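First the structure, in the form of structure tokens, and then the observations on it.
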Amino acid sequence: MTLGKTLLESGHEAEWRRLNAEKRQALMPAPDTPIAELLRRGQRLSSQAAGLLRAVERADERPR
């Protein structure tokens with residue numbers, strides 16, 4: 063079987079599974095991560111999400 067040149071073409075399911083597993087492992091906090099650090103990370107992600115929503119709303123010029 064000949065694979066396509068990009069991962070977006072069919073035939074790369076195994077590679078996507080490997081990449082997704084690596085991403086999950088990289089994003090998973092260590093079991094001994096202090097609660098305060100987890101809360102800081104969560105707050106930072108919430109702030110980023112709110113900023114992204116505001117940017118989309120400004121670009122779209124329609125309220126959500």
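Residue 63 is where the sequence shown starts when you use the numbering used here, and the numbers rise one by one after that.
Even glycine gets a Cβ: it sits at the ideal position worked out from N, Cα and C.
Just so we're clear, the structure is a prediction, and the values are computed from it rather than from any experiment.
Inter-residue spacing [alpha-carbon to alpha-carbon] between residue i and residue j
| i | j | result |
| --- | --- | --- |
| residue 110 | residue 67 | 34 Å |
| residue 113 | residue 120 | 11 Å |
| residue 105 | residue 98 | 10 Å |
| residue 95 | residue 75 | 33 Å |
Nearest-angstrom Cβ-Cβ length linking residue i and residue j, presumed shorter than 8 Å
| i | j | result |
| --- | --- | --- |
| residue 69 | residue 78 | 7 Å |
Beta-carbon proximity of residue i to residue j, cut-off 8 Å
| i | j | result |
| --- | --- | --- |
| residue 81 | residue 91 | no |
Residues of its chain near residue i, where Cβ-Cβ distance is below 6 Å and the 5 sequence neighbours each way are ignored
| i | result |
| --- | --- |
| residue 102 | none |
Enclosing alpha helix (DSSP H) for residue i [first to last residue]
| i | result |
| --- | --- |
| residue 122 | 97–122 |
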